[in-house]
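Okay, structure first, notes after.
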Amino acid sequence: MPEDLSADLNSRDNPLNISKHEKRVLHVLAQGGAIHFEYMTNGKMRKASCITQDGHVLADGSLKLFDRLKKRRFVKSENGRPYRTTRRDIRSVNPQYDSR
1 MPEDLSADLN
11 SRDNPLNISK
21 HEKRVLHVLA
31 QGGAIHFEYM
41 TNGKMRKASC
51 ITQDGHVLAD
61 GSLKLFDRLK
71 KRRFVKSENG
81 RPYRTTRRDI
91 RSVNPQYDSR
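For what it's worth, the UniProt record's numbering labels the leading residue of the sequence shown as 1, then goes sequentially.
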């Protein structure tokens, strides 16, 4: 197997390596949702919650999940703006029709 192909299969960007909860949060963000944080008095993040465009709280959005998405570079913030999905996210998640 060529080296570049095997590296691609083992990549962390591979859509097969994204959990169902990660996909759900990424879809909500792509549809205009946001991630809100609660901070402790010392400034550290205590809780992260994912809010849909309609204002509902997604049960899957947790601080641990947010850290995984940020580590894998699926979400990022620029200049203090809210966290948004990246192009890498769009390529790695299959589109889903929203049945609302």
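Just so you know, even glycine gets a beta-carbon here, dropped at the ideal spot from N, CA and C.
Treat the numbers as computed from the prediction; the structure is a model and nothing was measured.
Where does Ala59 sit, in a helix, a strand or coil, going by DSSP?
-> coil
For Arg87, does the three-state DSSP call read helix, strand or coil?
-> helix
Would DSSP call Phe37 helix, strand or coil?
-> strand
Identify, in the order they occur along the chain, each residue of the same chain with its Cβ nearer than 7 Å to the Cβ of Asp54, setting aside the five sequence neighbours on each side.
-> none
Rounded separation between His36 and Asn17 - CA only = 25 Å
Quick one: measure Cβ to Cβ for Ala48 and Phe66, integer angstroms, because I've assumed they're closer than 8 Å.
-> 4 Å
Distance between beta carbons of Arg84 and Leu29, contact taken as under 8 Å = 7 Å
Could you tell me if Glu22 is buried or exposed, where buried requires 16 or more neighbouring beta carbons within 10 angstroms of its beta carbon?
-> buried
Could you work out which residue in Leu58, Thr86, Ala59 and Arg68 is closest to Ser19 when comparing CA atoms only?
-> Arg68
Length of the line joining the Cα atoms of Glu38 and Lys44 | 9 Å
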